Amino acid sequence: MSTAMTTAADTVEGRSTVLRMDDLRVSAVGGNEILLGISLDLYRGQILGLVGESGSGKTTAGLACMGHYRTGLQHTAGGIELFPREGDPFYLDSLSAEQTRDLRGSRVAYIPQDPALSLNPAIRVGEQIREVLDVHAFGKSSAERSARVKEVLEDVGLPGTDEYQRRWPHQLSGGQQQRIGIAMAFAMFPDVLILDEPTTGLDVSTQAHVLDTIRDMTRRHDVASLYITHDLAVVAELADRVAVMLRGELVEEGPAEKVLHRPEHDYTKRLLAAVPDLAGRKDLPGGAERAAEVTEPQVSEPQVTQPGDSAAASATASAEPYLLQVSDLAMKFGDNVVLSSIDMTLEPGESTMILGESGSGKTTLSRCITGLVDGYTGSVRYRGEELAKSTRKRTVDHRQEIQYVFQSPFSSLNPRRTIGESLTVPLEMSKRLPRSEHKKAVEEALDAVRLGRSFYDRRPGDLSGGERQRAAIARALVNAPRVLVCDEITSALDVSVQASIVSLLNTLREERGLAILFVTHNITLARHVSGHINVLNKGVIVDRGTVEDVLENPSHEYTKSLLSDIPQL
Amino acid sequence: MMAKLILRRLVLSLFILLAVSVLVFFATLLLPGDPARAILGQQATPERVAALQEQLNLDEPAIVRYFLWLGGLFTGDFGMSTAFGGPVSELLSDRIVASLVLMVLAAVISIPLGLGFGIFSALHRGKRRDKAVTWVSLTLAALPEFVIGIVLVTLFATTIFPILPAVTMSPPGQQVWMFPSQLILPTITLALVVAPYIARMMRATMIDVLDSGYVEMARLKGVPERQVIMRHAVPHAVGPVAQVIAIQLAWLAGGVVVVEFLFRYPGIGQALIDAVTFRDVQVVQAVSMIVAVVYVVVNLLADIVGIMSNPKLRSAS
Chain D
1 MSTAMTTAAD TVEGRSTVLR MDDLRVSAVG GNEILLGISL DLYRGQILGL VGESGSGKTT
61 AGLACMGHYR TGLQHTAGGI ELFPREGDPF YLDSLSAEQT RDLRGSRVAY IPQDPALSLN
121 PAIRVGEQIR EVLDVHAFGK SSAERSARVK EVLEDVGLPG TDEYQRRWPH QLSGGQQQRI
181 GIAMAFAMFP DVLILDEPTT GLDVSTQAHV LDTIRDMTRR HDVASLYITH DLAVVAELAD
241 RVAVMLRGEL VEEGPAEKVL HRPEHDYTKR LLAAVPDLAG RKDLPGGAER AAEVTEPQVS
301 EPQVTQPGDS AAASATASAE PYLLQVSDLA MKFGDNVVLS SIDMTLEPGE STMILGESGS
361 GKTTLSRCIT GLVDGYTGSV RYRGEELAKS TRKRTVDHRQ EIQYVFQSPF SSLNPRRTIG
421 ESLTVPLEMS KRLPRSEHKK AVEEALDAVR LGRSFYDRRP GDLSGGERQR AAIARALVNA
481 PRVLVCDEIT SALDVSVQAS IVSLLNTLRE ERGLAILFVT HNITLARHVS GHINVLNKGV
541 IVDRGTVEDV LENPSHEYTK SLLSDIPQL
Chain H
1 MMAKLILRRL VLSLFILLAV SVLVFFATLL LPGDPARAIL GQQATPERVA ALQEQLNLDE
61 PAIVRYFLWL GGLFTGDFGM STAFGGPVSE LLSDRIVASL VLMVLAAVIS IPLGLGFGIF
121 SALHRGKRRD KAVTWVSLTL AALPEFVIGI VLVTLFATTI FPILPAVTMS PPGQQVWMFP
181 SQLILPTITL ALVVAPYIAR MMRATMIDVL DSGYVEMARL KGVPERQVIM RHAVPHAVGP
241 VAQVIAIQLA WLAGGVVVVE FLFRYPGIGQ ALIDAVTFRD VQVVQAVSMI VAVVYVVVNL
301 LADIVGIMSN PKLRSAS
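Chains as they are written, first to last, in UniProt numbering: chain D, 1 to 569; chain H, 1 to 317.
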């Protein structure tokens, strides 16, 4: 952060514009405007963070810099002017199709969101980098291109050996794949770099490495970068300047320091307020979500209301068995040990976070607890009673008591059913209530998640991501469970929506004494969500305790390195 | 890993063929008639019939006869044809070659044609050209092969454009490919039946692939459109289509029966029809087994193509 700022200050005088976007307008073919006049400047050697929530048009603006409009979109007005290192400035829309093609990948390069999807799985990684050099006729000879492939691989911190170049994308980790993407983008020494959420799918430690590479390469090669993201903490870490987009408009733009610490526009302020904070200094506002009616009572003092820390919990623990107790749980798929010797407990009204990166076994653990995955060894006890391994063998009561909310609200609700129909299914299964009372129970659940009864007849397709996730939580609530297992339920959502979901969970926990198992990779949520935390690494709980203890005095190396890699505002 | 996968498929194929042989043998047992009597005719004395039955092992129990027959299959001995008197293998060898020629020709024409139209259609998705291809291919797919054959004969072999022969008339002892003009209509008929399915499937997978991240990435890298299609998109789209092609080729093995009958083409289809007419059990068994082998081999090839086109399977260790 501090180094970024000094570099920014140094270059302010002599900064040269590389790309100028002037009142750019894009609209859907025969329909709504997507971009309502965006004006931006990109400077050499600097990173501009373009921040916005899903649907704000930030990717459209980024792709426009490459002269690319996705199917169904058209450029209606305004222009983009490019000032390359060599040659005269020109407007992108004055170029022929062939010239535009020649520009892409050589003068303006793109780093996409998901490297796993954007690397061709059937072409060796060295080949994919080399292809850029081949189509843009880099250098004079084939040998020179081969040398450049090796050089750029080493630049991004990967081995440039032939053996490495001959690997397939699936033989690399997510971070390595993304670095191949970066190498591909830098291969032709571009003037402009468009980065579209390049670290969204990555773990914090991998993200830290990739961000380092991006920062270093931008400075070293004097490239003007546009970093598109919804993650303000990453922007704080990386960007020299920040531009904030809301529904196709630029609402604020300026030096990173100013926008992030002294924001002027209300939207920027709201966005910043919704970013979870590791230190737990602030409350996440629930009301920032688009739905204006969502103004739930806010949890004013989360620390006070964390029953996980309270003495009451430990007092009851000695008297009666734990609400949920996992002992010596282990699981392997074939020879691959996914979980080993997991012990943990959960009390009513307590929220425990299971923190782990991808591949740590956190989802498998939550599925073992709910019985969605069977074949584990060890035991899961509910009020002292051992549960059958598989959901199918558990009693209806046990199944009702432990409910599961899935990560993606886009795929966990049946698109052909109305919300009301989807929420009635668990009631039909449990036969807890007579049929005549089903509708009432569903409406109560919808009220509890602050959606309101009007959602009963709507279908998932009409709902925003946050609304769908609320509906999914309501579905878990209709049978009045005691334990709610939330598997990464906010990771597909924007920060402001995430904030409102977190605040909803806290309310439910207090009102109903619900025990919550919050499974996530996002450590910054810890203080907002939970009293206790279990850090899972490679299938083993390496660190555990109250959130304060673990965050302030991490005992395990892994937790320490995790904490040091988190980007902070 | 890959060798292991392929080996497993091979072993599985052998088991399938064994199962088919059981089915074929016992199904043909149910056919009415006595082969010995069929060979000797109505006037044969019971003694002679009994003698021939013994010679043909017909007096053995069915299970023993099955194993004798199966053993014969492995040594290329398909038994004696009751209708023609000679060994089945001699009767069929020329016909197998003739049918294979027809199948290979049809495949060589229909596969590139289907793939080409599928790609073309996907690239012009939603436009008039795509709709035209869709209409034509759906219409062809809906027509049975004999209708297509008859239409072609009417068009090209009768009064409208009398340029091609309507039936195959190769003199005995000469091979079918010595008269190429006679091959044209049967080949086109088979190709027109098979190509639409390939085109439909290719269009569907190609559309998926064109929407994928790596195709967009290739375009944003500045790769020329032609190279985007041929290098980044098509190899991925072909994998799933290989299965459909296999099913179509396997269908050709059975589908030739109708087409060969229609054009009087001297292949195994003709042989099968004649054999059924004359209750020639040994020939029916042999032809059924040959068709089954073609099915299995073609599907095995498709599996291998699928494995080869997937780098995850190819390089897993």
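No residue lacks a Cβ here, since even glycine has one placed at the ideal position from N, Cα and C. As the structure is a prediction and not an experimental result, all values here were calculated from the model.
For residue i, count the other beta carbons within 10 Å of its own beta carbon; 16 or more makes it buried, fewer makes it exposed. Which is it?
i	result
residue 290/H	buried
residue 295/D	Residue confidence is low: residue 295/D scores 36 on pLDDT, short of 50, so the model does not pin down where it sits. No coordinate-derived value is stated.
residue 360/D	buried
residue 154/H	exposed
residue 151/H	exposed
residue 6/D	Unreliable placement is indicated for residue 6/D, whose pLDDT of 38 sits below 50; the coordinate value is still reported in the next sentence. Exposed: under 16 other Cβ atoms inside 10 Å.
residue 197/H	buried
residue 230/H	exposed
residue 74/H	exposed
residue 267/H	buried
residue 217/D	buried
residue 91/D	exposed
residue 429/D	exposed
residue 334/D	exposed
residue 647/D	Look at the range of chain D in this structure, 1 to 569, and you will see that residue 647/D is not part of it.
residue 225/D	buried
Can you tell which of the options has the C-alpha that lies nearest to the C-alpha of residue i?
i	options	result
residue 21/H	45/H, 59/H, 57/H and 68/H	68/H
residue 550/D	568/D, 567/D, 569/D and 530/D	530/D
residue 423/D	473/D, 402/D, 378/D and 383/D	473/D
residue 210/D	430/D, 545/D, 248/D and 158/D	158/D
residue 323/D	401/D, 331/D and 394/D	401/D
residue 164/H	45/H, 142/H and 188/H	188/H
residue 99/D	146/H, 222/H and 296/H	222/H
residue 85/D	443/D, 373/D and 17/D	17/D
residue 197/D	115/D, 272/D and 142/D	115/D
residue 459/D	487/D, 563/D and 414/D	414/D
residue 448/D	220/D, 476/D and 437/D	476/D
residue 364/D	329/D, 383/D, 105/D and 382/D	329/D
residue 118/D	211/H, 248/H and 258/H	211/H
residue 421/D	408/D, 457/D and 184/D	457/D
residue 70/H	105/H, 44/H, 81/H and 25/H	25/H
residue 416/D	461/D, 347/D and 397/D	461/D
residue 521/D	418/D, 533/D and 513/D	533/D
With a threshold of 7 Å on Cβ separation, who are the neighbours of residue i within its own chain once the five nearest residues in sequence on each side are excluded?
i	result
residue 167/D	124 and 125
residue 466/D	289, 493, 497, 500 and 501
residue 206/D	174 and 175
residue 370/D	391, 402, 404 and 485
residue 125/H	207
residue 237/H	202, 205, 206 and 209
residue 441/D	427, 433 and 478
residue 179/D	156, 157, 158, 210 and 213
Which residues in the same chain have their Cβ closer than 6 Å to the Cβ of residue i, if we skip the five residues on either side of it in sequence?
i	result
residue 265/H	168 and 186
residue 100/H	none
Below 8 Å CB to CB, which residues in the same chain sit around residue i once its five sequence neighbours on both sides are set aside?
i	result
residue 73/D	26, 27, 28, 29, 34 and 60
residue 145/D	130, 133, 134, 138 and 139
Report back the beta-carbon spacing between residue i and residue j to the nearest angstrom; my notes put them in contact at under 8 Å.
i	j	result
residue 190/D	residue 262/D	Actually they do not touch by this definition, with Cβ atoms about 33 Å apart.
residue 191/H	residue 110/H	4 Å
residue 278/H	residue 19/H	Not a contact, Cβ separation roughly 28 Å.
residue 239/D	residue 47/D	5 Å
residue 235/H	residue 122/D	5 Å
residue 92/H	residue 246/H	24 Å between Cβ atoms; not a contact.
| task | Let me know the beta strand (DSSP E) ranges lying completely inside the region 359 to 397 of chain D, each 3 residues or longer, listed in chain order. | result | 377 to 382
| message | Please give the ranges of any alpha helix (DSSP H) in the region 184 to 246 of chain D, keeping only runs that are unbroken, at least 4 residues long and fully inside the region. | response | 204 to 221 and 232 to 238
| Which ranges does the alpha helix (DSSP H) cover as unbroken runs of at least 4 residues, wholly within the region 53 to 100 of chain H, from first to last along the chain? | 62 to 74
| Can you list, in chain order, the stretches of the alpha helix (DSSP H) that have 4 or more residues and sit fully within the region 34 to 117 of chain D? | 58 to 64 and 97 to 103
| request: Go through the region 464 to 541 of chain D residue by residue and report every complete run of the alpha helix (DSSP H) that reaches 4 residues or more, in order. | output: 465 to 477, 495 to 512 and 526 to 529
| task | Please specify which runs of the alpha helix (DSSP H), each continuous and at least 4 residues long, are wholly inside the region 123 to 173 of chain D, giving them in chain order. | result | 125 to 135, 142 to 155 and 162 to 165
| task | Please list the segments of the alpha helix (DSSP H) lying wholly inside the region 246 to 300 of chain H, counting only runs of 4 or more residues, in order along the chain. | result | 268 to 277
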